[in-house]
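S.K.: Respectively, the protein sequence lines represent chains F and P. The C-terminal residue of the first sequence carries number 311 in full-length UniProt numbering, and the numbering is unbroken. The C-terminal residue of the second sequence carries number 311 in full-length UniProt numbering, and the numbering is unbroken. Virtual Cβ for every residue (Gly too), placed ideally from N, Cα, C.
Protein chains: 2
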Amino acid sequence: MVLDPPLPKPLVGRLTVIGLGLIGSSILRAALARRLADEVVAYDHFEPVRSRVEALGIADRVAATPEEAVTGADVVILCVPVGAMGAVGEDIGPHVAPGAIISDVGSVKASVAKALAGQIPDYAHVIPAHPVAGTEYSGPDAGFATLFQNRWCILTPPEGADEGAVDLLEEIWAAMGANVERMSAERHDLVLAITSHVPHLIAYNIVGTAADLETVTQSEVIKYSAGGFRDFTRIAASDPTMWRDVFLNNREAVIEVLGRFTEDLFALQRAIRWEQGDALFELFTRTRAIRRSIIEQGQETAAPDFGRAHD
Amino acid sequence: MVLDPPLPKPLVGRLTVIGLGLIGSSILRAALARRLADEVVAYDHFEPVRSRVEALGIADRVAATPEEAVTGADVVILCVPVGAMGAVGEDIGPHVAPGAIISDVGSVKASVAKALAGQIPDYAHVIPAHPVAGTEYSGPDAGFATLFQNRWCILTPPEGADEGAVDLLEEIWAAMGANVERMSAERHDLVLAITSHVPHLIAYNIVGTAADLETVTQSEVIKYSAGGFRDFTRIAASDPTMWRDVFLNNREAVIEVLGRFTEDLFALQRAIRWEQGDALFELFTRTRAIRRSIIEQGQETAAPDFGRAHD
Chain F
1 MVLDPPLPKP
11 LVGRLTVIGL
21 GLIGSSILRA
31 ALARRLADEV
41 VAYDHFEPVR
51 SRVEALGIAD
61 RVAATPEEAV
71 TGADVVILCV
81 PVGAMGAVGE
91 DIGPHVAPGA
101 IISDVGSVKA
111 SVAKALAGQI
121 PDYAHVIPAH
131 PVAGTEYSGP
141 DAGFATLFQN
151 RWCILTPPEG
161 ADEGAVDLLE
171 EIWAAMGANV
181 ERMSAERHDL
191 VLAITSHVPH
201 LIAYNIVGTA
211 ADLETVTQSE
221 VIKYSAGGFR
231 DFTRIAASDP
241 TMWRDVFLNN
251 REAVIEVLGR
261 FTEDLFALQR
271 AIRWEQGDAL
281 FELFTRTRAI
291 RRSIIEQGQE
301 TAAPDFGRAH
311 D
Chain P
1 MVLDPPLPKP
11 LVGRLTVIGL
21 GLIGSSILRA
31 ALARRLADEV
41 VAYDHFEPVR
51 SRVEALGIAD
61 RVAATPEEAV
71 TGADVVILCV
81 PVGAMGAVGE
91 DIGPHVAPGA
101 IISDVGSVKA
111 SVAKALAGQI
121 PDYAHVIPAH
131 PVAGTEYSGP
141 DAGFATLFQN
151 RWCILTPPEG
161 ADEGAVDLLE
171 EIWAAMGANV
181 ERMSAERHDL
191 VLAITSHVPH
201 LIAYNIVGTA
211 ADLETVTQSE
221 VIKYSAGGFR
231 DFTRIAASDP
241 TMWRDVFLNN
251 REAVIEVLGR
261 FTEDLFALQR
271 AIRWEQGDAL
281 FELFTRTRAI
291 RRSIIEQGQE
301 TAAPDFGRAH
311 D
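In structure tokens form, the structure reads like this:
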């Protein structure tokens, strides 16, 4: 897969990415590949990560401080764990330029909007965003330029947000290959609770349950994991700090959806106990249709076993 | 990936496969490719499936009846849903040859052993087996010869089983690329409850919960499924009949493991409610190690996102 060629004219003068993990480093790569800005600037609070990005050559310039990173930037994208947004906002707030767009990629939106609103001066535009994309790997080496291709990026502009600024942020994401949607932060947090947060929680949980069983050894769990269990271990290998923050910052929606999940699971357990085969068959048939739709809409591969090699 | 070349000398005279779906048709393909028997015979109770296998040319002979299929067979492998084993056993019982090995590939073993024991005469050897392998696709077109490569196949010979017969069955599976392990049917059913059955149930359940939520539309679930949800839809697209039978036939172990899963999930939910970030972080870190082991032991790919194409 090759990205489209660089834009004939960059969309902005200076684009700054703060936090250079999987997502941040993917934005850098996509921004350079498509030349979205005259200058693409990178910063991470962790020095080895800055050095690594320097060595990878995926930014025009690696800044040494948050101040240096955001000074003169037209667009700043924060790619740090949701729980760190307030602190980063505090670091950069005094240095952002009037009219600059301050955005992020956090998986929770209402709490990020709140954390940044207190730190970014009114003369800049805070427009939270969330590209629904990723892999189970972390760090600057894990990123790649096509990560956002045909994935959805959700913008959650606050009420009264500057339309021009929202449009420009949308153009940037579209240029990185994403489909862009707008909704309220609250709606985002509810929708993502079911499509991402609760699935991650369940995956972490089943992997933990399997590890803790006294009646089945860990070696057995590993050997026979191809029976289905291994599918869950992928998202349960995602970044622990990021996911801790997601759950702490989207508590209400996660607990609400989890309540529904558990209720449904108890009903299913009861159907097994009472040998209600028809009820099981009906559910198991219905769920096939949903995967089919996901494949048809390009959000999943139709290859058997996700396209895993069978060798 | 290419299979090893055909054996210099087939292991048995006649190998019969009954039930020609994903697993059955994969056995046919592997058995022909490696020439495990002088003659590989196929039968399915559904006529269009027999015709399709005939057209695919993946058996030396497609039999028209169960009687014709098993007459003179040295080894018979039943690849039908677990709930159908008793009926198939009844059909073939009177026709199996003295000394023949009757095996299967069902995902539950104690109930299969019981169902077959009543139907297969004592002069044949009933040796249940379970290759822990598969994809989410079904039917004779979905099979492939390398499906069992480096996957585990569990034999659950009953007490007092003929050692020569068990060894021969082990050779057959090893020749199809599988690693073979032996254990009791009861232990198998407990181990598979955690590595396969409960993961499938949870996957079916979360997909059902997502479909039924009134507050989030199905179209939103599909659009943003790359946030994690889509991973669950793969195994929730597996064959409904097969899985209904698994749950009905492994009730006790499934309900027991499910009890542990739910208990752990409630603890996790409580940790979120009370904002116990350290507890979340600790679990989320621990689960990474398990995936690493699964990859190291060749039961999973290390490629990001299962190796899905990013385009």
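If contact is defined by three or more beta carbon pairs under 8 Å, each pair taking one atom from either stretch, is the region 107–115 of chain P in contact with the region 123–139 of chain P?
M.R.: With a cut-off of 8 Å, the region 107–115 of chain P and the region 123–139 of chain P count as touching, because enough Cβ pairs lie within range.
S.K.: Using only CA atoms, which one of F/L11, F/V49, F/V246 and F/R34 lies nearest to F/G21?
M.R.: The residue with the shortest Cα to Cα distance from F/G21 is F/V49.
S.K.: Between P/D212 and chain F, is any beta-carbon pair separated by less than 9 Å?
M.R.: So, interface residue.
S.K.: Roughly how many angstroms lie between the CA atoms of F/A42 and F/P81, to the nearest whole one?
M.R.: Looking at the two C-alpha atoms, the distance is approximately 16 Å.
S.K.: Whole-angstrom Cβ separation of P/G208 and F/P199, contact assumed at under 8 Å?
M.R.: Actually they do not touch by this definition, with Cβ atoms about 13 Å apart.
S.K.: As an exercise, report each continuous alpha helix (DSSP H) stretch of at least 4 residues that is fully enclosed by the region 5–32 of chain P, in chain order.
M.R.: List check, alpha helix (DSSP H) in window: nothing returned.
S.K.: For P/A124, which residues from the same chain have a beta carbon less than 8 Å from its beta carbon, with the 5 sequence-adjacent residues on both sides left out?
M.R.: Answer for P/A124: V96, A97, P98, G99, A100, I101 and I102, listed in chain order.
S.K.: Give the interface partners of P/K109 over in chain F, defined as CB-CB distance under 7 Å, in chain order.
M.R.: Simply none; closest approach about 13 Å.
S.K.: Can you find a C-beta in chain F that's less than 9 Å from the C-beta of P/E170?
M.R.: No - not a single Cβ of chain F is within 9 Å of the one on P/E170.
S.K.: Which residues in chain P have a C-beta closer than 8 Å to the C-beta of F/I194? List them in chain order.
M.R.: Neighbours of F/I194 on chain P, chain order: T209, A210, L213, V216, V221 and F229.
S.K.: Between F/I290 and chain P, is the shortest Cβ-Cβ distance under 9 Å, so that the two count as touching?
M.R.: Closer than 9 Å: yes.
S.K.: Consider the Cβ of F/L248: report whether some Cβ of chain P lies at a distance smaller than 9 Å.
M.R.: Answer yes: the Cβ-Cβ gap between F/L248 and chain P drops below 9 Å somewhere.
S.K.: From the DSSP output, read off the bridge partner residues of P/A129.
M.R.: In DSSP, P/A129 forms a bridge with P/L155.
S.K.: Taking the C-alpha atoms as reference points, what is the distance between P/G93 and F/E220?
M.R.: Taking the straight line joining both Cα atoms gives about 34 Å.
S.K.: From the beta carbon of P/Y123, is the nearest beta carbon of chain F less than 9 Å away?
M.R.: Chain F, which has no Cβ nearer than 9 Å to the Cβ of P/Y123, makes this no.
S.K.: From what residue to what residue does the beta strand (DSSP E) around P/E181 run?
M.R.: Per DSSP, P/E181 belongs to the beta strand (DSSP E) from N179 to R182.
S.K.: One question on the structure: do P/I23 and P/G134 come within less than 9 Å of each other, judged by their Cβ atoms?
M.R.: It is a contact, given that the beta carbons lie within the stated cut-off.
S.K.: Mind listing which residues of the region 83–116 of chain P have their C-beta closer than 9 Å to chain F's C-betas, in chain order?
M.R.: Residues passing the 9 Å Cβ filter: G83 and S107.
S.K.: Given a threshold of 16 other Cβ atoms within 10 Å of its Cβ, counted over all protein chains shown, does P/F148 qualify as buried or as exposed?
M.R.: Per the 10 Å Cβ criterion, buried.
S.K.: Could you name each continuous alpha helix (DSSP H) segment of 4 residues or more that falls completely within the region 29–78 of chain F, going from the start of the chain to the end?
M.R.: Segments of the alpha helix (DSSP H) lying fully in the region 29–78 of chain F: 47–56 and 66–70.
S.K.: Is the number of C-beta pairs between the region 280–295 of chain F and the region 270–277 of chain P that are closer than 8 Å three or more?
M.R.: Judged by Cβ distances under 8 Å, the region 280–295 of chain F makes no contact with the region 270–277 of chain P, as fewer than three pairs qualify.
S.K.: From what residue to what residue does the alpha helix (DSSP H) around P/D212 run?
M.R.: P/D212 -> alpha helix (DSSP H) spans V198 to D212.
S.K.: Mind checking the region 39–58 of chain F against chain P and listing, in chain order, the residues whose C-beta falls within less than 7 Å of any C-beta there?
M.R.: Of all residues in the region 39–58 of chain F, none has a Cβ within less than 7 Å of some Cβ in chain P.
S.K.: Run the CB neighbour count on F/E136, radius 10 Å, all protein chains shown included, and call it buried at 16 or more, exposed below.
M.R.: The residue is buried, with at least 16 neighbouring Cβ atoms inside 10 Å.
S.K.: Have a look at F/A253, F/D74, F/V62 and F/R34 and flag the residue whose alpha-carbon is nearest the alpha-carbon of F/L169.
M.R.: For F/L169, the nearest C-alpha among the options comes from F/D74.
S.K.: Who are the Cβ neighbours of F/R61 in its own chain at under 7 Å, not counting the five residues just before and after it?
M.R.: Excluding residues within five positions, the ones whose Cβ falls inside 7 Å are E39 and V41.
S.K.: Give the residues of chain P in contact with F/I255, contact being defined as C-beta atoms less than 8 Å apart.
M.R.: Simply Q269, I272 and R273.
S.K.: Taking only three categories from DSSP, how would you classify P/I120?
M.R.: P/I120 falls in the coil class under three-state DSSP.
S.K.: Quick check: the region 174–187 of chain P against the region 146–161 of chain P, are at least 3 beta-carbon pairs closer than 8 Å?
M.R.: Yes, the region 146–161 of chain P touches the region 174–187 of chain P.
S.K.: On a CA-only basis, which of F/D141, F/V216, F/F247 and F/E68 is nearest F/L201? Give me that one, please.
M.R.: Nearest option by C-alpha distance: F/F247.
S.K.: Closest by CA to P/G89, which one among P/G57, P/I18 and P/L28?
M.R.: With distances taken between Cα atoms, P/G89 lies closest to P/I18.
S.K.: Span of the alpha helix (DSSP H) holding P/I272?
M.R.: First-last of the alpha helix (DSSP H) with P/I272: R251 to R273.
S.K.: Taking the alpha-carbon positions, what's the P/L190 to P/P5 distance?
M.R.: Going from the Cα of P/L190 to the Cα of P/P5 covers about 36 Å.
S.K.: Can you name the residues of chain F whose CB is closer than 8 Å to the CB of P/L20?
M.R.: The premise fails here: P/L20 is roughly 17 Å from chain F at the closest Cβ pair, so nothing lies under 8 Å.
S.K.: DSSP state of F/D162, grouped into three classes?
M.R.: In this structure, F/D162 counts as coil in the three-state DSSP scheme.
S.K.: Counting only C-beta atoms, is F/D264 closer than 9 Å to chain P at any point?
M.R.: Answer yes: the Cβ-Cβ gap between F/D264 and chain P drops below 9 Å somewhere.
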